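Numbering (this note's numbering), first residue to last: 3 to 369.
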């Protein structure tokens, strides 16, 4: 299963909360998306200031979030650079590079969470096999425990793109000791679907959204677990009903990104994704569905990312954007807070300019 890479690495998905437990019953005509969008200066400045300081996290992708007790927020990342940062905002070639990390936000204070020690930091979540690695997937907090999906990848050759999906897993961590793993368990992996794009509690179920990544084509899949527990019994959407066989999982929609979101919105379900029907698209788009399994229709442009390509804000043909999703705990039915990631096909760019490889935040206003 191919995914985009940073020096041979990729972004997964991570923790989230919900706008509401279930959408209100629709009254009258179904709403349509009429968006306008602009950068979220507060979040962009917060992470740029922290990243430029070089005291911990200096850049990463995935950019998922979830609420923690005490008004705190957890930000979860895949491939991560740590500090220091040079005065010209380049990074030394020997800075630590981790496959995943987290940040705890307490007000305006950000604290990086990783494995190892401050002097010798290591990847937070890693398999025993040193030839493989884990990118984080979606996560959810239940009873003081973070249930964190992780996706395993491994090398298939010596080239930077020679890697493949190996399976899905679930790590459990106490929200008070996020740098220690309680246990890791296997998740369904009999078909090539990465069950990590998004998690959404709905009624008595936890809906689990995945991606079947065929390179040029990416398909949305839906499963659900009873009791809102990812370790509960899974069922898979077949296109007309639910099956306990993963092999029956249906392709719901083509053209999604590896990371996306499906959240309740005004009596419907809002899918936010990069438009992967276009090569290296700058378009973040939204679809609406009448149920959490779709069908999702009415593709609408929400935002054009300005960083991509030679004509983009970096003036660099190697820079691209990918994997947007909503942050429900920061959003309302009138304003969505959406993040997306920025990267470069030339790994040296990420050392020359630390500001490239970071999530960007935009406010999408919906009339």
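All C-beta atoms, glycine included, are put in the ideal place defined by N, C-alpha and C. Bear in mind that the values here come from a model prediction, so they are computed numbers and not experimental data.
DSSP beta-bridge partners for residue i?
i, result
"residue 323", "344"
"residue 365", "40, 339"
"residue 97", "Note: residue 97 sits in no beta bridge, so no partner."
"residue 103", "79"
"residue 163", "Paired residue(s): none; residue 163 is not in a bridge."
"residue 276", "286"
"residue 111", "108"
"residue 2", "No information on residue 2 is available, as it lies outside the stretch 3 to 369 that the chain covers here."
"residue 142", "149"
"residue 350", "Answer by DSSP bridge pairing: none, since residue 350 is not bridged."
"residue 210", "201, 225"
"residue 231", "In the DSSP output, where bridge partners are listed per residue, residue 231 has none listed."
"residue 88", "Answer is none; residue 88 lacks a bridge partner."
"residue 243", "BP columns for residue 243 are empty, so no partner."
"residue 68", "76"
"residue 186", "173"
Expressed to the nearest angstrom, what Euclidean distance is found between the alpha-carbon atoms of residue i and residue j?
i, j, result
"residue 123", "residue 135", "16 angstroms"
"residue 250", "residue 85", "46 angstroms"
"residue 26", "residue 35", "Low local confidence applies: a pLDDT of 42 at residue 26 is under 50, so the model's placement there is unreliable, with the coordinate-based value given in what follows. C-alpha separation (whole angstroms): 17 angstroms."
"residue 160", "residue 132", "15 angstroms"
"residue 327", "residue 338", "10 angstroms"
"residue 24", "residue 62", "With a pLDDT of 39 at residue 24, under the threshold of 50, the predicted position of this residue should be treated as unreliable, though the coordinate-derived value follows. Approximately 32 angstroms between the Cα atoms of the pair."
"residue 234", "residue 330", "24 angstroms"
"residue 208", "residue 314", "39 angstroms"
"residue 288", "residue 276", "9 angstroms"
"residue 356", "residue 295", "39 angstroms"
"residue 42", "residue 97", "29 angstroms"
"residue 349", "residue 104", "22 angstroms"
"residue 359", "residue 56", "14 angstroms"
"residue 28", "residue 267", "Residue placement at residue 28 cannot be trusted, given a pLDDT of 44 that sits under 50; what the coordinates show is reported in the next sentence. Approximately 10 angstroms between the Cα atoms of the pair."
"residue 118", "residue 77", "19 angstroms"
"residue 155", "residue 88", "32 angstroms"
"residue 4", "residue 280", "Only weak support exists for where residue 4 lies, its pLDDT of 36 falling under 50; the value from the coordinates is given anyway. Cα to Cα, the separation comes out at about 16 angstroms."
"residue 378", "residue 58", "A question about residue 378 goes unanswered here, because the residues of the chain that appear run from 3 up to 369."
"residue 367", "residue 335", "9 angstroms"
"residue 306", "residue 347", "20 angstroms"
So the candidates are the options; which of them puts its Cα closest to the Cα of residue i?
i, options, result
"residue 182", "174, 286, 256", "174"
"residue 361", "332, 369, 324, 289", "324"
"residue 151", "109, 179, 359, 188", "188"
"residue 186", "195, 170, 248", "170"
"residue 45", "345, 332, 351", "332"
"residue 106", "222, 192, 70", "70"
"residue 144", "64, 109, 68", "68"
"residue 94", "365, 352, 74", "352"
"residue 109", "167, 74, 321", "74"
I'd like to know whether the C-beta of residue i is nearer than 8 angstroms to at least one C-beta of chain B.
i, result
"residue 271", "Within the model displayed, chain B is absent; a lone protein chain is all it includes."
Do residue j and residue i come within 8 angstroms of each other at the CB atom, strictly closer than that value?
i, j, result
"residue 224", "residue 236", "no"
"residue 148", "residue 180", "yes"
"residue 140", "residue 66", "yes"
"residue 272", "residue 232", "no"
"residue 211", "residue 255", "no"
Give a yes or no on contact between the segment 334-351 and the segment 292-303, applying the rule of three or more CB pairs nearer than 8 angstroms.
no
Is it the case that the segment 227-241 contacts the segment 261-278, given that we only count it when at least three CB pairs across the two stretches are under 8 angstroms?
no
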